[in-house]
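Which chain is which? The protein sequence lines are A and B, in order. Residues are numbered in our numbering as their position in the first sequence, beginning at 1, plus a constant of 2. Residues are numbered in our numbering as their position in the second sequence, beginning at 1, plus a constant of 83. All C-beta atoms, glycine included, are put in the ideal place defined by N, C-alpha and C. In what follows, a single structure is set out as structure tokens and then discussed.
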Amino acid sequence: MSVSVVWPGREGVEVESRNVPSPGSDELKVRVEASGLCGTDLHIASGEYPFARPGVTIGHEFAGTIVEVGPDVEGFSVGERVVVDPNIPCRTCEFCHSSRPHLCENPQALGVTLNGGLSEFAVLPAPQAYRVPEGLPPEAAALTEPLACTLHAVDLGDLRPGERALVLGAGPIGVLCAALLVAAGASEVLVSEPSRERRDHVRKVGAEPVEPESVSEGMADKVFECVGRSGTMRDAVEAVKPGGTVVWVGVAPPEAEVAVRPYDIFRRELTIRGTYTNPFTMERSLALLGSGRIDWETIVTHRIPLDRFEDAWSAHSEGAGLKVCVLPESS
Amino acid sequence: MRNRAAVMHGTHDIRLEERPVPEPDPKEVLVEIKAVGVCGSDVHYYEHGRIGSFVVEKPLILGHESSGVVVDLGNEVTKHEVGERVTLEPGVPCGRCRECRAGRYNLCPDVRFFATPPIDGAFANYVTIHEDFAFRLPDSMSDEVGALMEPLSVGIWASWKARIRGGEHVLVTGAGPIGLLAMRVALAFGATEATITDVSEERLEIARRSGATRAINVANEPLPDAGVEVDALIECSGNPAALKDGIRCIRPAGMAVVVGMGPGEETSIPLSYIQSKEITLTGTFRYANTYPTAIGLVSSGKVSLDDFATSHYGLDDTEEALQASGKDPANVKPVVVPGS
Ligand SMILES: NC(=O)c1ccc[n+]([C@@H]2O[C@H](COP(=O)([O-])OP(=O)(O)OC[C@H]3O[C@@H](n4cnc5c(N)ncnc54)[C@H](O)[C@@H]3O)[C@@H](O)[C@H]2O)c1
Ligand SMILES: [Zn+2]
Ligand SMILES: [Zn+2]
Ligand SMILES: [Zn+2]
């Protein structure tokens, strides 16, 4: 039996003991060693996430050690540490065939539609697993997925090394984004954030924290909105230089709208891009974590065992610190 | 003010001469030169009197990696002041042709480039340059590091062309000054693995000290047997075998950037590999719009060049400086200090 965090289909989540089956022919079974909490988990718990399946074990940012290997699996063996890409494309639709699997018409996702990693054990399709480099601890490996999503956003921003970048918001994604921009050779990375405590984290990853009031017109070549509010989406458009790119990384409520002046887009030739999940970025994300370029210890502010899941959940809901990571009960 | 210059009269013939101090044109600044790096192309002119179609036909001042202090201004100069420390981008393009207007001014057919016949270079006390091609140096940067913004620019241009992104693996073939700098830039641009090759153990040792995650002596361990798999190749040796073997290390859809100049006009490449893996192959010619980035990378600490210059010479010893790397492969970057 496995202690698991389940969304019952109504508001909230419940910790229960469930049976985790043996892996199917092309699956792996892992003992989960670290599982990060994410904003999406809160949306699922409050019933605002239409894709979530009632009764699902949540958790989509997790790493663990293989305890059982399905009979048809090649290239993995028991005892290896892996991290998981939760997003499973159908591999047959128009989007999957044109190298945009993240836009798949019939996607599945561990921790959303299929059982995920906030659990002692998890079962997953082997192609979703990536081997963790030697020496990278599980709570760092569990950052691979959110870092991979942010890396895709930074890719779309098309930063030229030496440029000046601005990030709005210093939550986990904003800080990861800033760390990636620093690693990618931006000459200056400014991060606007109202909370003083969160501004302190920014300095630790080599970026420069600023107060939101000091965001001004045309101050950066590339701007990354990592808040998810209409107001900051609009600020991002103001703050970018002519010819620059704005990436809206934050997730706004589905009904939110932003007023943008088409004349600005015309006269300043601006590009506004959306970014969705982590296509093709898991390997590079792992390489960055493994190389020590990303100061994951700054990002993981909470390590809480699964038997105190309530504490982890409230720390996460209150927005204390940055990334809340759930570890197995035993440690 | 006396302007002494090390003038090349023919192969293996450098003479110290006195020249008039040049007068700046209205848009030019007069710069007192403080440091000049010796580049492989200077050495090539010194030894062979030509590079491809560029032939030294009359006396020529070599040297194009330079920095100094502004000592006089043309009457239309607006960007600089007397006393300002600057690094000089040595190629001034015409600004009017198709390539200049497209922003690729490195491809300008009428560019006037230091130490490329018949344009004189910087092994001298004074030079003039268009004000747009002098870049203010931060106080934290030494004269000698300022001079190295030129070869660093070659590395930046190569990494831009290779589209290096965070988390990638780059292969640099050739651990000369250009290869070493290209490698440092690729690491600063987020590459997490940098494999470098050479046949000189001394140079590989320098590469290991400056961040290579793997340094392979291809004289002992041929590249095809080394199990190297990369996202991008930056070829900096000029050796046809390095290009050929390097291309075969590139993963599908990767990039090959040829910086090193080969011995001949033509060379053979593994065409079917390029086709079946959809490799993009491109060359580089100097660089464009790199100086602000070069200064930013060094002043922000992302690339450190403090240990890069390996020896120093006065203007009288320019000839010795030109021979230094050939005598000792570990003497990667000799620097001439005209004021010394
Ligand atoms: N494209 C441009 O704009 C541009 C600008 C500057 C220099 N360059 C060229 O770049 C090249 C490198 O310049 P440099 O100053 O570093 O020259 P260099 O000759 O000092 O360095 C080349 C290095 O390659 C090594 N080498 C030889 N065979 C090799 C092999 N099979 N595999 C790996 N390494 C090998 C040599 O030992 C040497 O250390 C030269 O060809 C130069 O002309 C091009
Ligand atoms: Zn998430
Ligand atoms: Zn699909
Ligand atoms: Zn031109």
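| Asked | Found |
| --- | --- |
| Shorter than 7 Å from the beta carbon of residue 225 of chain B to some beta carbon of chain A? | no |
| Can residue 311 of chain B and residue 277 of chain B be called in contact, C-beta distance under 7 Å? | no |
| Which residues in the same chain have their Cβ closer than 8 Å to the Cβ of residue 294 of chain B, if we skip the five residues on either side of it in sequence? | 266, 267, 270, 277 |
| Using DSSP with H/G/I as helix, E/B as strand and the rest coil, what is residue 98 of chain B? | strand |
| Taking only heavy atoms of ligand 3 into account, decide whether any of them is closer than 6 Å to the Cβ of residue 95 of chain A. | yes |
| Report the option in A/52, A/47, A/192, A/81 whose CA atom is closest to the CA atom of residue 238 of chain A. | A/192 |
| Report the start-end ranges of each alpha helix (DSSP H) in the stretch 115-194 of chain A that is 4 residues or longer and not cut off at the edges. | 140-143, 146-159, 174-185 |
| Do you know offhand how far residue 227 of chain B's Cα is from residue 259 of chain A's? | 54 Å |
| On the DSSP bridge list, what partners appear for residue 341 of chain A? | This structure does not reach residue 341 of chain A, given that chain A is present from 3 up to 333, and the question cannot be answered. |
| Would you mind giving the Cβ-Cβ distance between residue 291 of chain A and residue 149 of chain A, rounded to the nearest angstrom? I have them listed as a contact below 8 Å. | 7 Å |
| Against chain B, which members of the stretch 134-165 of chain A pass a CB distance test of less than 8 Å? | 153, 156, 157, 162, 163, 164 |
| Any C-beta of chain A within less than 9 Å: which residues of the stretch 243-255 of chain B qualify? | 243, 247, 248, 249, 250, 251, 252 |
| Looking at the C-beta of residue 383 of chain B, does it have a partner C-beta in chain A at a distance below 7 Å? | yes |
| Roughly how many angstroms separate the alpha carbons of residue 16 of chain A and residue 312 of chain A, rounded to a whole number? | 9 Å |
| Indicate whether residue 221 of chain A and residue 227 of chain A have their beta-carbon atoms separated by less than 7 Å. | no |
| Residues in the same chain with beta-carbon distance under 6 Å from residue 280 of chain A, minus the five sequence neighbours each way, listed in chain order, please. | 150, 151, 154 |
| Hey, could you find the ends of the beta strand (DSSP E) residue 228 of chain B is sitting in? | From DSSP, residue 228 of chain B is part of no beta strand (DSSP E) but of the alpha helix (DSSP H) over 226-230. |
| Any heavy atom of ligand 4 closer than 6 Å to the Cβ of residue 176 of chain B? | yes |
| Provide the residue(s) that pair with residue 152 of chain B in DSSP beta bridges, ordered along the chain. | B/115, B/168 |
| So, helix, strand or coil for residue 322 of chain A, using DSSP? | coil |
| With a threshold of 6 Å (Cβ to nearest heavy atom), would residue 91 of chain A be considered close to ligand 3? | yes |
| What in chain B is Cβ-close to residue 290 of chain A, meaning under 9 Å? | 249, 250, 273, 275 |
| Do you know how far the Cα of residue 158 of chain A is from the Cα of residue 249 of chain B? | 13 Å |
| Could you check if residue 193 of chain B belongs to the surroundings of ligand 4, using beta carbon to heavy atom distance under 6 Å? | yes |
| Would you identify the three-state DSSP class for residue 145 of chain B, choosing helix, strand or coil? | coil |
| Starting from the beta carbon of residue 101 of chain A, find every residue of chain B whose beta carbon is closer than 8 Å, and list them in chain order. | What residue 101 of chain A touches in chain B: nothing, since even the nearest Cβ is about 10 Å away. |
| Tell me, which residues are paired with residue 194 of chain B by DSSP? | DSSP lists no partner for residue 194 of chain B. |
| Chain A partners of residue 425 of chain B, CB-CB under 8 Å? | As displayed, chain B neither begins before 84 nor continues past 423, which places residue 425 of chain B out of reach and without an answer. |
| Under the criterion of a Cβ to heavy atom distance below 6 Å, does residue 106 of chain A qualify as lining ligand 4? | no |
| Which partner residues of residue 86 of chain B appear in the DSSP bridge assignment? | B/102 |
| Unbroken beta strand (DSSP E) runs of length 3 or more, entirely within the stretch 49-102 of chain A: which are they? | 63-71, 83-86 |
| Starting from residue 224 of chain A, follow its DSSP beta bridges and name the residues at the other end. | A/167, A/247 |
| Can you find a heavy atom of ligand 4 that lies under 6 Å from the Cβ of residue 122 of chain B? | no |
| I'd like the list of long-range same chain contacts for residue 195 of chain B, defined as Cβ closer than 6 Å, with 5 residues on each side in sequence excluded. | 175, 202 |
| For residue 239 of chain A, name the three-state secondary structure that DSSP assigns. | helix |
| So, is residue 358 of chain B buried or exposed, given that buried needs 16 or more other C-beta atoms within 10 angstroms? | exposed |
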